[in-house]
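Read in order, the letters of the sequence shown are residues 1 to 122 in UniProt numbering. Using N, Cα and C, we set each Cβ at its ideal position, and we do this for glycine too. Note that the structure is predicted; figures quoted are calculated from it, not measured. A short worksheet on the structure shown next.
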Amino acid sequence: MSLLKSLDEKFPLERQLGIAAAPVVLINLFALDAADESGFLDAWTDDAHFMKQQPGFISTQLHRAIGDSPTYLNYAVWDSTEAFRAAFTHPEFVAKLSAYPSSAVASPHLFRKVAVSGICAA
């Protein structure tokens, strides 16, 4: 992948990986050229197959922006930051990043669910 860009420059993914939290949700926003969508989907599918086999993986869902926007959002649930970190830094996964089209820019960020009384549970 040509570029990893933080959603929050003040607290990039590298810092998030050092925080013990469970469970965690990865939100990864991908921007790319429309001509690269097929190559992007092939690379993402290969990555998803790898991640699905890793300890602590719970689920993932890829979303595409509506209309003509070649923007994608991946939502993935992990047992813990530790499990995600082990998978994300695994040499086999890191090697797969070069399969993404050069136009692809990924913006990964980790989240935890928030409880809001009467609305949603954590």
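Asked	Found
Contact under 8 Å by Cβ, Pro-12 with Trp-78	no
Residue range of the unbroken alpha helix (DSSP H) whose run includes Met-94	The sequence given here places Val at residue 94; Met does not occur at that position. Start and end: 91 to 96.
Range of the contiguous alpha helix (DSSP H) that encloses Leu-41	37 to 52
Alpha-carbon to alpha-carbon, Val-116 and His-90	35 Å
Same chain, Cβ closer than 6 Å to Leu-3, neighbours up to 5 away in sequence not counted	Val-105
Expected contact under 8 Å - CB spacing of Leu-41 and Leu-110 to nearest Å	The Cβ separation is near 24 Å, so there is no contact.
Close-in-space but distant-in-sequence residues of the same chain around Met-51 (CB under 8 Å, 5 per side omitted)	Phe-57, Thr-60, Ala-76, Ala-87 and Phe-93
Coil, strand or helix - Phe-88 by DSSP	helix
Closest Cα partner of Ile-19 within the set Ser-102, Pro-55 and Ser-80	Ser-80
CB contact check: Ala-43 to chain D, cutoff 8 Å	Of the protein chains in the structure, only one exists, and it is not chain D.
Three-state secondary structure (DSSP) of Arg-112	coil
Span of the alpha helix (DSSP H) around Leu-62	First-last for Leu-62: 57 to 64, but that is the beta strand (DSSP E), not the alpha helix (DSSP H).
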